[in-house]
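Please read the structure below before turning to the comments.
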Ligand code: SF4
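In our numbering, the protein residues as written are 858 to 1138.
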């Protein structure tokens, strides 16, 4: 965890908010593996009130996807570390869901709920369907065989924001949301682009949020994402009856020519039947 990066950028973000009389809060997205009391103290100093941790299933399922560089497991240590995240920190566990682990979703949610009871910490859970797990060497490619369309997952109350436009804005859609990798590069996407400097728009060291375009090392990358956060004027999405729910899809995929409609557009009957089944469960 790049604690020096967080310590470097947070005061500048807080200063911009205070100068404008705005409330300030920050999230950190972390795998949770290296959490320690020292790191938790730093979160307090940097006014990071929310911690977001992904899990890809229970134990072996998670460890098959989220393993150490040398291949070691991570699940047990991450779950153990949840005890460190004392109130007022709020922690959101994202259950990354795909065909291979969807059967474990309820069990994973129960495990998180149990851990919240044990620790007295605020640990919430939501499920999110993975749409892309292609490798880092294969940037921005759609996965094929592993894709999970997510209809069932997006119907879960916890996943109400999975259709991107519904009750949700992502990093791409808001200038003040910043995804930072462990080397301090800044991105407008917290997904797989994060960690690939060629998609970065600046660095934590030199970017000044008070002068966002002037201090971006790659201002075009920043403005391209902001301009793609919602469909462009004339886009076919504005004629689409699903727009209020879908929001036009993932900005990152649209920007790089991989635009994809959510599966329920092609299968509305399946969506309606799934909602019906859920309501009468
Ligand atoms: S379903 Fe497809 S066409 Fe309709 S708003 Fe979403 S992305 Fe646009």
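Note that the Cβ used here is the ideal one computed from N, Cα and C, for glycine as well. Keep in mind the model is a prediction, meaning the values are calculated, not measured.
Within the chosen limit of 7 Å, the ligand SF4 does not reach the beta carbon of residue 1114 with any heavy atom. Checking the 7 Å criterion, the Cβ of residue 1091 is out of range of every heavy atom belonging to the ligand SF4.
Taken from the Cβ of residue 911, every heavy atom of the ligand SF4 lies 7 Å or farther away.
In this structure, the CA atom of residue 890 is about 6 Å from the CA atom of residue 934.
Our two residues, residue 875 and residue 896, have alpha carbons roughly 24 Å apart in a direct line. Boundaries around residue 860 are those of the alpha helix (DSSP H), 860-876, since no beta strand (DSSP E) includes it. For residue 1122, the shortest separation between its Cβ and any heavy atom of the ligand SF4 lies below 7 Å. The C-beta separation of residue 1106 from residue 1118 comes to about 7 Å, placing the pair in contact by the 8 Å criterion.
Between the ligand SF4 and residue 1086, a heavy atom-to-CB distance of less than 7 Å is absent.
In this structure, residue 915 places its C-beta atom within 8 Å of the C-beta atom of residue 968. In the DSSP assignment, residue 1036 is bridged to 1044. Within the DSSP bridge table, the entry for residue 938 names no partner.
Assignment of beta-bridge partners to residue 982 by DSSP yields 950.
With fewer than 16 other Cβ atoms from the protein chains shown falling within 10 Å of its own Cβ, residue 894 counts as exposed.
For residue 1084, the closest C-alpha among the options 903, 1028, 1130 is that of 1028.
With respect to the 8 Å criterion, residue 970 and residue 908 are not classified as neighbours on the basis of their beta carbons.
The nearest non-hydrogen atom of the ligand SF4 is less than 7 Å from the C-beta of residue 1119.
Relative to the ligand SF4, the beta carbon of residue 977 is positioned no closer than 7 Å to any heavy atom. Not one heavy atom of the ligand SF4 falls within 7 Å of the beta-carbon of residue 1027. Closest in C-alpha terms to residue 903, from the list 955, 872, 930, comes 872. Shortest gap from the CB of residue 1110 to any heavy atom of the ligand SF4: 7 Å or more. Going by C-alpha positions, residue 1048 is about 11 Å away from residue 1110.
With 16 or more other Cβ atoms inside 10 Å of its own Cβ, residue 1064 counts as buried. Inclusion of residue 1066 and residue 869 in the CB contact set at 8 Å is warranted, their separation being smaller than that value. Excluding its 5 nearest sequence neighbours in each direction, residue 862 has C-beta neighbours in its own chain below 7 Å: 1037, 1041, 1061, listed in chain order.
Taken through DSSP and simplified to helix, strand or coil, residue 926 comes out as coil. The closest CA to that of residue 1114, considering only 1082, 884, 1133, is found on 1082.
Beta-carbon to beta-carbon, residue 1076 and residue 1070 are separated by about 5 Å, close enough to satisfy the 8 Å threshold.
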